[in-house]
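Per my numbering, residue 1 is the first one in the sequence shown, and the count goes up by one each step.
Positions of the beta carbon are idealized from the N, C-alpha and C atoms, including for glycine.
Notes to accompany the following structure.
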Amino acid sequence: MEKRTLGKTDLNIAPIVFGGNVFGWTIDEQKSFKILDQFIESGFNFIDTADVYSRWVPGNKGGESETIIGNWLKKQNKRHDIIIATKVGSDMGQGKSLKKDYIINEVEHSLSRLQTDYIDLYFSHFDDESTPVEETLGAYETLIKAGKVRWIGASNFSADRLKESLLASSEHSLPRYEVYQPGYNLYDREEFEQEHEKICLEHGLGVVTYYSLASGFLTGKYRGEDDLKKSQRGGGVKKFMNDRGFRILDALDQVADKHHVEPASVALAWLIYHPSITAPIASVTDLSQLKSFTDAANLKLSPEDISLLDQASRY
Numbered sequence: 001m002e003k004r005t006l007g008k009t010d011l012n013i014a015p016i017v018f019g020g021n022v023f024g025w026t027i028d029e030q031k032s033f034k035i036l037d038q039f040i041e042s043g044f045n046f047i048d049t050a051d052v053y054s055r056w057v058p059g060n061k062g063g064e065s066e067t068i069i070g071n072w073l074k075k076q077n078k079r080h081d082i083i084i085a086t087k088v089g090s091d092m093g094q095g096k097s098l099k100k101d102y103i104i105n106e107v108e109h110s111l112s113r114l115q116t117d118y119i120d121l122y123f124s125h126f127d128d129e130s131t132p133v134e135e136t137l138g139a140y141e142t143l144i145k146a147g148k149v150r151w152i153g154a155s156n157f158s159a160d161r162l163k164e165s166l167l168a169s170s171e172h173s174l175p176r177y178e179v180y181q182p183g184y185n186l187y188d189r190e191e192f193e194q195e196h197e198k199i200c201l202e203h204g205l206g207v208v209t210y211y212s213l214a215s216g217f218l219t220g221k222y223r224g225e226d227d228l229k230k231s232q233r234g235g236g237v238k239k240f241m242n243d244r245g246f247r248i249l250d251a252l253d254q255v256a257d258k259h260h261v262e263p264a265s266v267a268l269a270w271l272i273y274h275p276s277i278t279a280p281i282a283s284v285t286d287l288s289q290l291k292s293f294t295d296a297a298n299l300k301l302s303p304e305d306i307s308l309l310d311q312a313s314r315y
């Protein structure tokens with residue numbers, strides 16, 4: 001499978017990243033192992049998670065996703081062939097924080113759960129405006145020098161704070177956020193395109209997108225109110241059910257029918273083809289759904305296909 005270089009890092013990634021938020025939430029460890037095995041066997045090599053996944057599930061306390069991935073990595077014995085991203089800074093019970101002491105402490109928990117001695121890509125999950133960016137970047141410098149983290153990235157930052165962080169890295173010779181992770185898909189285009197895309201292109205940042213399928217709406221399985229009961233994620237889909245949303249689904253259907261693939265594959269391929277995007281992050285909860293990933297990675301969208309999707313999703 002063709003690989004892409006992630007920004008200015010030395011990480012060569014397949015064009016779809018597996019989103020680990022489903023592990024310990026909508027799929028258990030045994031099923032997670034089977035899906036990850038097939039994902040890697042299909043030629044993909046990058047898994048994204050976070051310390052906080054899946055703390056929102058009753059009875060969970062966070063770290064469940066990292067633990068499942070760690071158990072799988074131990075069984076696999078292919079750590080150096082697999083790229084692992086995780087995140088720090090979300091609320092693990094004491095509020096969000098990117099303070100140096102907090103990061104230095106939390107990374108040890110992530111390393112332990114993942115059963116590895118290094119993290120390929122460590123994200124600031126949410127900004128912490130009460131902490132100077134230099135302090136946060138200084139924490140990452142310590143971890144990189146110790147060999148515990150290879151590269152760093154940011155997610156959910158305002159454009160101004162992302163620019164401030166990049167400037168601080170340059171002025172103080174601190175590690176730089178080399179990857180940005182925005183929520184971005186065919187429906188949710190405006191914030192990234194208007195605020196962050198230019199910064200990412202100017203600074204040569206790699207971009208991996210979350211909510212790449214708009215909580216499943218872009219798979220086409222939610223066409224009416226009754227469909228919302230199909231999944232635990234159904235409640236987050238209702239907001240997409242409007243004229244624009246259905247216009248996007250219609251365009252996805254047209255392109256999918258033309259190429260004999262599922263709408264999900266087209267929605268992911270649109271992201272893969274987008275000039276500023278390195279790879280979309282997406283999840284599946286069933287082995288059969290992984291075909292949509294391989295189809296997306298191999299799909300050759302024509303300029304007409306892309307134009308149809310761009311026009312349907314205009315905002």
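With respect to the 8 Å criterion, SER110 and GLU66 are classified as neighbours on the basis of their beta carbons.
Shortest Cα-Cα distance from PRO303 to any of ALA296, TYR273, PHE18 involves TYR273.
ARG223 carries a coil assignment under DSSP once its states are collapsed to helix, strand and coil. Counting every other CB atom within 10 Å of its CB across the protein chains shown gives MET92 a total of 16 or more, marking it as buried.
Residue environment analysis places HIS125 among the buried positions, since at least 16 neighbouring C-beta atoms fall within 10 angstroms of its C-beta. Following the DSSP letters along the chain, one finds ARG247 inside the alpha helix (DSSP H) bounded by residues 243-259. Close CB contacts of TYR187 within its chain, under the 8 Å cut and outside five residues either way in sequence, are with ALA214, PHE217, LEU218, PHE240, ARG244, GLY245, ILE248, SER313 (chain order). Counting C-beta atoms within 10 angstroms of its own C-beta, LYS100 has 16 or more neighbours from the protein chains shown and is therefore classed as buried.
DSSP places LYS34 inside the alpha helix (DSSP H), whose first and last residues are 29-41. Leaving aside the five residues that flank THR131 on each side, the residues in its chain whose CB is nearer than 6 Å to its CB run, in chain order, LEU98, LYS99. Straight-line measurement puts the Cα of ASP310 at about 11 Å from the Cα of LEU252.
Only exposed fits SER158, as fewer than 16 other CB atoms lie within 10 angstroms of its CB. By the beta-carbon neighbour count (other beta carbons within 10 angstroms, threshold 16), GLN181 is buried.
Annotation: GLN94 is outside any alpha helix (DSSP H) and is labelled neither H nor E by DSSP. Pairing LYS300 with ASP37, the inter-Cα distance amounts to about 26 Å. Contact between TYR118 and VAL149 holds: their C-beta atoms lie close to 7 Å from each other, under 8 Å. Taking C-beta atoms under 8 Å as the contact rule, TYR222 and GLY235 fail to qualify, at a distance of about 11 Å. By the neighbour-count definition (other C-beta atoms within 10 Å, threshold 16), SER165 is a buried residue. Between the alpha carbons of GLY63 and LYS96 lies a gap of roughly 15 Å.
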